[in-house]
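To start, the structure under review is shown below, and the notes come after it.
In our numbering, the protein residues as written are 1 to 141.
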C-alpha cells in the first residue's frame, strides 16, 4: 500500500513529537505530501458566550505550533502544508482528510481507558470509526 497524502494531527502534548516523527518517516519513505493539522476546541461559558481573547491566544499558539512542525518537515525535504480548525478535533480531522484527499491519518492516543476515556472523549476512537482513509494511531505514554 502506498501513501501519497498523509495528514498528521498535532497538539501540545508530549506524545506529539513521537507522532510527528512517525508521520515524517512515512512521508520520507513514501515520498508523500504532509498536511499538519491542529484543532482548537471552543469552550463556551455558562452564559453561552465565547471568550474572544482566549480564542485569539489559542489561535496564535496553534499557528506557532503548526509553523514549528512545518519547519521540521521542510528541513527534511518534505512537501508540507498546515491547517487549523475550531471545533471538535475528531470531526475536524475526518473532514480535513476528506476535503484534502488524505490516504493516511497519523494521530496519537493518550491511552485512557474506561470511565476516564468516556469523560475525556477519544479523538482517536472517533477518527478510527469515521475516517475516509487508513488511520495509524501512535500509542502515547
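Ideal Cβ positions, reconstructed from N, Cα and C, are used throughout, including at glycine.
Predicted model, so just to flag it, every value in this text is computed and none were measured.
Residue i versus residue j - alpha carbon distance
i           : j           : result
residue 40  : residue 2   : 31 Å
residue 137 : residue 69  : 18 Å
residue 33  : residue 97  : 13 Å
residue 54  : residue 9   : 22 Å
residue 130 : residue 108 : 16 Å
residue 73  : residue 28  : 9 Å
residue 11  : residue 65  : 8 Å
residue 95  : residue 126 : 12 Å
residue 56  : residue 103 : 32 Å
residue 16  : residue 52  : 27 Å
Beta carbon of residue i nearer than 8 Å to that of residue j
i           : j          : result
residue 106 : residue 19 : yes
residue 37  : residue 78 : no
residue 71  : residue 84 : no
residue 200 : residue 25 : A query on residue 200 cannot be resolved here, the shown segment of the chain reaching from 1 to 141 and no further.
Residues bridged to residue i (per DSSP)
i           : result
residue 35  : 7, 81
residue 134 : 104
residue 40  : 86
residue 139 : 109
Contact set for residue i: own chain, Cβ-Cβ below 7 Å, skip 5 residues either direction
i           : result
residue 128 : 135, 137
residue 59  : 40
residue 23  : 6, 8, 34, 106
residue 75  : none
Sequence-distant residues of the same chain with beta carbon closer than 6 Å to residue i, five excluded per side
i           : result
residue 86  : 40, 42
residue 89  : 39, 123
residue 132 : 97, 98
Close Cβ partners of residue i (< 8 Å) along its chain, the five nearest in sequence each way excluded
i           : result
residue 101 : 5
residue 67  : 82
Legend entry - Whole alpha helix (DSSP H) elements within the segment 84 to 114, 4-residue minimum: 89 to 100
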